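Asker: Sequence lines, in order, name chains A and B. Start counting the first sequence at 414; every next residue gets the next number (this note's numbering). Start counting the second sequence at 414; every next residue gets the next number (this note's numbering). Even glycine gets a Cβ: it sits at the ideal position worked out from N, Cα and C. Note that the structure is predicted; figures quoted are calculated from it, not measured. First the structure, which I've put down as C-alpha cells, then a few questions once you've had a look.
Protein chains: 2
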Amino acid sequence: MKRNSRLSLALHTLAHMAGNPKQMRTSSDIAAHMGTNAVVVRRVLGRLREAGLLKSEKGHSGGWQLARAPEKITLADVYTGLEEQLIARNDLQEQPVCSVEHTLYFRIFGIMQDMEQTLIDKLASTTIAEISEAAGQVHPNE
Amino acid sequence: MKRNSRLSLALHTLAHMAGNPKQMRTSSDIAAHMGTNAVVVRRVLGRLREAGLLKSEKGHSGGWQLARAPEKITLADVYTGLEEQLIARNDLQEQPVCSVEHTLYFRIFGIMQDMEQTLIDKLASTTIAEISEAAGQVHPNE
DNA sequence: ATTCACGTAATACTTATCGTTACATTAGCA
DNA sequence: TGCTAATGTAACGATAAGTATTACGTGAAT
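Structure representation (C-alpha cells):
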C-alpha cells in the first residue's frame, strides 16, 4: 500500500481516457488496469466529477467519461480537483505562543504556500492529451 | 500527533539555540518545551549531529549545542540534514510497464525533483540566527 | 560510587490511507 | 415488469508511517 496514490490513479486514468474520449469505462475495468478496487476508483473519480472533469452514468452501459476535451484538462486541474495539498498541508499546528515558533511558523508557511503555487503552475503546463500522445498510444482502446 | 513533525521540532530547537549558543541543553528540557519526549528529541537531533550541525555530550553537565555559529546554519541545512525529502519522496512505484504510466512517471518525477530543489533554495536564504533575531529574543535563556 | 545525560533497541499507540463487503439507487433491456 | 449492470456510500478491516514510551547500556562529572 502506498501513501497517497490518489493522484497517480487519477492522472493515469484520465491520461488513458484522453486516448479515446468517447469510450465509456466502468470503475471495475479501471480498477483492474490500475491494480486496485472499484470502490477506490469511484471514490477518487467522484472527486473529479465534482470538480467538473468527469461525467459518470449509472445503470446498464453506464460508466465514466471525460467531461470536456482532453486538450482542456491539465495535470493541475486534476491535482486541484482532488484538493490534494501535497505540500502546504496544514499540519503546521495552531497558532503557537512561543515567539520563536511563531516566527518560524510564518516563515515556513509562506514558503510552503509559494511552493504549492509553483507546483500547480508546473502541472498546468501539461494536458492529459499531451501525456496520451507522448505515450504513443500503444493501446488505442484504453 | 502530527505527521512529520521532525522538521518543526528541529527548526524550533535550533532557533532557540541560536539565541544563546553557549548554553548546554538537555534532551529532557528540550522535550518539555516542545511538548514531546526526550527520546524523540535525541532521535531527531542525532541526525543533525551526524550532519555536523550539533554537538552532543554525555554524562553530567552534558547535553546539546550548536556545532557552529548560528549565522552559518540555514533552514536548508536543517532540512537536508534530516534527509527529509518532503516533496520528492519515491512513492512513485517501480518502473511501470504501461506506456501511459511510464510517460506520466517521468513527467511528474521531473517536476518533483525541481520542486525539491526549489524548496531547498528557498530555505537556504534564511539562517536560524535570523529567525532568532526576528523572534525578538523574548526568552534570552532559551 | 553515584548521578546525570546521551544512545538505542523494542514495543505500543495513533492516524491516514487503502482495501473489502454490503447494500441502496438508477438505468437499460428483454 | 422483472433482471442485470452500473454508480454512490457507509461501515469496517488491514496496513504502514510516525510518534510516544519503556528499558537498559555507556560515558563523564562530582
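I want to verify the contact list: residues of chain A whose CB lies under 9 Å from the CB of Gly494 (chain B), in sequence order.
Answerer: Ordered by position in chain A, no residue passes the 9 Å Cβ test against Gly494 (chain B), which lies about 16 Å from the chain.
Asker: Quick one: residues in its chain with C-beta nearer than 7 Å to the C-beta of Ile533 (chain A), no 5 flanking neighbours on either side, listed in chain order?
Answerer: Around Ile533 (chain A): Ala489, Tyr492, Thr493.
Asker: Determine the closest residue to Tyr518 (chain B) out of A:Arg520, A:Ser545, A:Leu517, with distance taken between C-alpha atoms.
Answerer: Residue A:Ser545 is the option with its Cα nearest to Tyr518 (chain B).
Asker: Per DSSP, what kind of secondary structure is Leu424 (chain A) in: helix, strand or coil?
Answerer: It is helical.
Asker: Under 7 Å Cβ-Cβ, which residues of chain B neighbour Val453 (chain A)?
Answerer: Chain B residues near Val453 (chain A): none, gap ~16 Å exceeds 7 Å.
Asker: What's the call for Val558 (chain A), buried or exposed, on a 16-neighbour Cβ count within 10 Å?
Answerer: Because chain A here runs from 414 to 555, residue 558 (chain A) falls outside it and cannot be looked at.
Asker: Verify whether the separation of the beta carbon atoms of Glu484 (chain A) and Thr540 (chain A) is less than 8 Å.
Answerer: In this structure, Thr540 (chain A) lies closer than 8 Å to Glu484 (chain A) by Cβ.
Asker: Compute the distance between the beta-carbons of Ala431 (chain B) and Leu461 (chain B), then report whether it is under 8 Å.
Answerer: No, these two residues do not count as a Cβ contact at 8 Å.
Asker: If I follow the unbroken beta strand (DSSP E) through Gly476 (chain A), where does it start and stop?
Answerer: Taken as a continuous stretch (DSSP letters only), the beta strand (DSSP E) holding Gly476 (chain A) covers 476-479.
Asker: Report the residues of the stretch 423-450 of chain A with a CB closer than 7 Å to any CB of chain B, ordered along the chain.
Answerer: Within the stretch 423-450 of chain A, the qualifying residues are Leu424, His425, Ala428, His429.
Asker: Output the boundary residues of the beta strand (DSSP E) element that contains Glu470 (chain B).
Answerer: Here the beta strand (DSSP E) through Glu470 (chain B) covers 467-470.
Asker: Could you tell me the alpha carbon to alpha carbon distance between Lys471 (chain B) and Glu497 (chain A), rounded to whole angstroms?
Answerer: Whole-angstrom Cα-Cα distance: 44 Å.
Asker: Where do the ends of the alpha helix (DSSP H) carrying Gln526 (chain B) lie?
Answerer: Residues 512-537.
Asker: Along the stretch 531-548 of chain A, what residues have a CB closer than 8 Å to any CB found in chain B?
Answerer: Those would be Thr531, Leu532, Lys535, Leu536, Thr539, Ile544, Ser545, Ala547, Ala548, in chain order.
Asker: Ordered along the chain, which non-local residues of its own chain (more than five positions away) have a Cβ less than 8 Å from that of Ala548 (chain B)?
Answerer: Hits under 8 Å: Ala428, Gly432.
Asker: Using a C-beta cutoff of 8 Å, does Arg419 (chain A) count as contacting chain B?
Answerer: Not one chain B Cβ lies under 8 Å of Arg419 (chain A).
Asker: Of the residues A:Asp442, A:Ala537, A:Ile521, A:Glu543, which one's Cα is nearest the Cα of Gln478 (chain A)?
Answerer: The option with the nearest alpha carbon to Gln478 (chain A) is A:Asp442.
Asker: Given that Val510 (chain B) touches chain A, what residues does it touch there, using C-beta distances under 9 Å?
Answerer: None at all; the shortest Cβ gap to chain A is about 10 Å.
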